[in-house]
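> Below is a structure I'd like to ask you about.
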């Protein structure tokens, strides 16, 4: 699963050009509708990633701290419904992007898929930046509380009840995934926020906008590489740390090569598959 990549860079030194420009093909060959759809899908996938990793950690908290309640309320049908709701929430959150981007004539490239001047001057871009940062920061807060409570619960259990290694191993695996999530996503959010505030106060601090532009180019290069890396990290982590995941992948592969025998072996083996790797869709938050 790859990122729906929508990449942002620092602006040309004029604030009226927009705080963020998109590194997309120039001139843009696919028209205005494709431009809007590309950006929308990218933002939708980004929000969905954050929501899924948050709720996956909440599910682990319930399984460790409230096991009986979890067995009663966490069912396959409810899980499917929750996943659908998460995608719906992500899609609704990304809807403003449809109003923010479009194909504009910008010489010498003529047609460029980018944030429009309207988005920059109307405050819509700033509002979207705040929304995306809230998604990330609120998620981090929830994850910190959840894993603190999980750790406290496991530490307070008597030794006789610590035989359930599955919980501990799953929590450890998710902890690594969350850590990678933070390391790969945090630089982008920090850089984008600092950049937007710096550009907004350039006149007061009398900072050379060209110097700011070149400095942020290097920072963005590192943060974008981390984002692209995060697209492939989750499947690798699952594969390295989870025997069940490897078993499920083998069953799925056999099912694709030999559909009939693969289906039977998957049903008969009783293999419980983990949720699919999170789709780290490139943060292309505006």
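Numbering (our numbering), first residue to last: 157 to 442. Note that beta-carbon positions come from the ideal geometry of N, C-alpha and C, so glycine has one too.
1. List the whole-angstrom C-beta distance separating residue 256 from residue 281, where the pair is believed to meet the contact cut-off of C-beta under 8 Å.
2. Who are the Cβ neighbours of residue 302 in its own chain at under 8 Å, not counting the five residues just before and after it?
3. Go ahead and label residue 205 buried or exposed: buried means 16 or more other beta carbons lie within 10 angstroms of its beta carbon, across all protein chains shown.
4. Can you check which of these residues, 393, 349 and 396, is closest to residue 376 by C-alpha distance?
5. Please give me, in chain order, every unbroken run of the alpha helix (DSSP H) with length at least 4 that falls completely inside the stretch 244 to 316.
6. According to DSSP, simplified to helix, strand and coil, what is residue 231?
7. Terminal residues of the continuous alpha helix (DSSP H) containing residue 212?
8. Report the three-state DSSP secondary structure of residue 183 (helix, strand or coil).
9. On the criterion of 16 or more Cβ atoms from any shown chain inside 10 Å, does residue 374 qualify as buried, or is it exposed?
10. Look at the alpha carbon of residue 145 and the alpha carbon of residue 399, and state the distance between them as a whole number of angstroms.
11. Are the beta-carbon atoms of residue 202 and residue 298 separated by less than 7 Å?
12. Tell me whether the stretch 333 to 349 and the stretch 377 to 388 touch, counting them as touching only if at least three CB pairs, one residue from each stretch, are closer than 8 Å.
13. Suppose you measure from the CA of residue 293 to the CA of residue 287; what does that come to, to the nearest Å?
14. Taking the alpha carbon of residue 243 as the reference point, which residue from 258, 207 and 276 has its own alpha carbon closest?
15. Applying the 10 Å Cβ sphere with the 16-neighbour rule, what's the burial state of residue 456?
16. Label residue 401 either buried or exposed according to how many other C-beta atoms from any shown protein chain fall within 10 Å of its C-beta, with 16 as the threshold for buried.
17. Compute the distance between the beta-carbons of residue 341 and residue 268, then report whether it is under 7 Å.
18. For residue 380, does the count of other Cβ atoms within 10 angstroms reach 16, so buried, or fall short, so exposed?
19. State buried or exposed for residue 195, treating a residue as buried only when at least 16 other CB atoms are found within 10 Å of its CB.
20. Is it true that the CB of residue 237 sits closer than 7 Å to the CB of residue 226?
According to the structure data:
1. Stepping through the chain shown from its first residue, residue 256 is reached at position 100. Stepping through the chain shown from its first residue, residue 281 is reached at position 125. Confirmed, about 6 Å.
2. Against the chain shown, residue 302 aligns to sequence position 146. So the list reads 213, 214, 216 and 217, once near-sequence residues are dropped.
3. Start at 1 with the first residue of the chain shown, and residue 205 comes out as number 49. Note on residue 205: 16 or more other CB atoms within 10 angstroms of its CB, so buried under the neighbour-count rule.
4. Position 220 of the chain shown, counted from the first residue, corresponds to residue 376. The option with the nearest alpha carbon to residue 376 is 349.
5. 253 to 256, 273 to 278 and 280 to 312
6. Counting from one through the chain shown, the residue named residue 231 turns up at place 75. Three-state result, residue 231: coil.
7. Locating residue 212 in the chain shown gives position 56, where the first residue counts as 1. Segment 187 to 221, the alpha helix (DSSP H) holding residue 212.
8. Your numbering for residue 183 matches position 27 in the chain shown. In the structure shown, residue 183 sits in coil (DSSP, three-state: anything other than H, G, I, E or B).
9. Here residue 374 corresponds to residue number 218 of the chain shown, with the count starting at 1. With fewer than 16 Cβ atoms within 10 Å of its Cβ, residue 374 is classed as exposed.
10. A question about residue 145 goes unanswered here, because the residues of the chain that appear run from 157 up to 442.
11. Position 46 of the chain shown holds residue 202. Position 142 of the chain shown holds residue 298. No, these two residues do not count as a Cβ contact at 7 Å.
12. yes
13. In the chain shown, residue 293 corresponds to position 137, counting from 1. In the chain shown, residue 287 corresponds to position 131, counting from 1. Looking at the two C-alpha atoms, the distance is approximately 10 Å.
14. What you label residue 243 is simply residue 87 of the chain shown in a count that begins at 1. Among 258, 207 and 276, the Cα nearest to that of residue 243 is on 207.
15. With the chain represented from 157 up to 442, any question about residue 456 goes unanswered, as that position is not in the structure.
16. The count along the chain shown starts at 1 and reaches residue 401 at position 245. Counting Cβ neighbours within 10 Å, residue 401 comes out buried, since at least 16 surround it.
17. If you number the chain shown from 1, residue 341 lands on position 185. If you number the chain shown from 1, residue 268 lands on position 112. In this structure, residue 268 does not lie closer than 7 Å to residue 341 by Cβ.
18. Here residue 380 is taken as the residue at index 224 of the chain shown, counted from 1. Flag for residue 380 reads buried.
19. The residue given as residue 195 occupies position 39 in the chain shown. So residue 195 counts as buried.
20. The sequence position of residue 226 within the chain shown is 70, counting from 1. The sequence position of residue 237 within the chain shown is 81, counting from 1. Not a contact, by the Cβ cut-off of 7 Å.
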